[in-house]
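Here is the structure we will look at.
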Amino acid sequence: HGYAVLAVEHPGSNRDALSLLRPRASLARMTADAGEVLGRPRDVSFVLDRAAEWHLHHPQLKDRLDLGAVAVVGHSY
């Protein structure tokens, strides 16, 4: 349909870090870590930088990504 989707997983606040038995405690621990919270924008920047490289050089993605039309959506955190 003309969309490229990049799913970013943030280490430290992903499913592995979540205790389903104590979700509130897990969330409190994740949000108390300033490095984790501040690292999220850097993770997104990293992924967008890689997408720019793929747009230039990747055999299947070269010249196929519209980096002027990007949306970032988050959930659950």
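Per this note's numbering, residue 34 is the first one in the sequence shown, and the count goes up by one each step.
From the three backbone atoms N, C-alpha and C, an ideal C-beta is built for every residue, glycine too.
Is it right to say residue i is buried, meaning 16 or more other beta carbons lie within 10 angstroms of its own, or is it exposed?
| i | result |
| --- | --- |
| residue 78 | exposed |
What is the DSSP secondary structure of residue i, counted as helix, strand or coil?
| i | result |
| --- | --- |
| residue 38 | coil |
| residue 99 | coil |
| residue 78 | helix |
| residue 70 | helix |
| residue 104 | coil |
| residue 46 | coil |
Give me, in chain order, the residues of the same chain whose beta-carbon lies closer than 7 Å to that of residue i; leave out the 5 immediate sequence neighbours on both sides.
| i | result |
| --- | --- |
| residue 50 | 59, 63 |
| residue 80 | 39, 41 |
| residue 37 | 98 |
| residue 84 | 39, 98, 100 |
| residue 70 | 64 |
For residue i, I'd like the list of residues in its chain whose CB is within less than 8 Å of its CB, leaving aside the five on either flank, ordered along the chain.
| i | result |
| --- | --- |
| residue 88 | 94, 95, 96, 97, 98, 100 |
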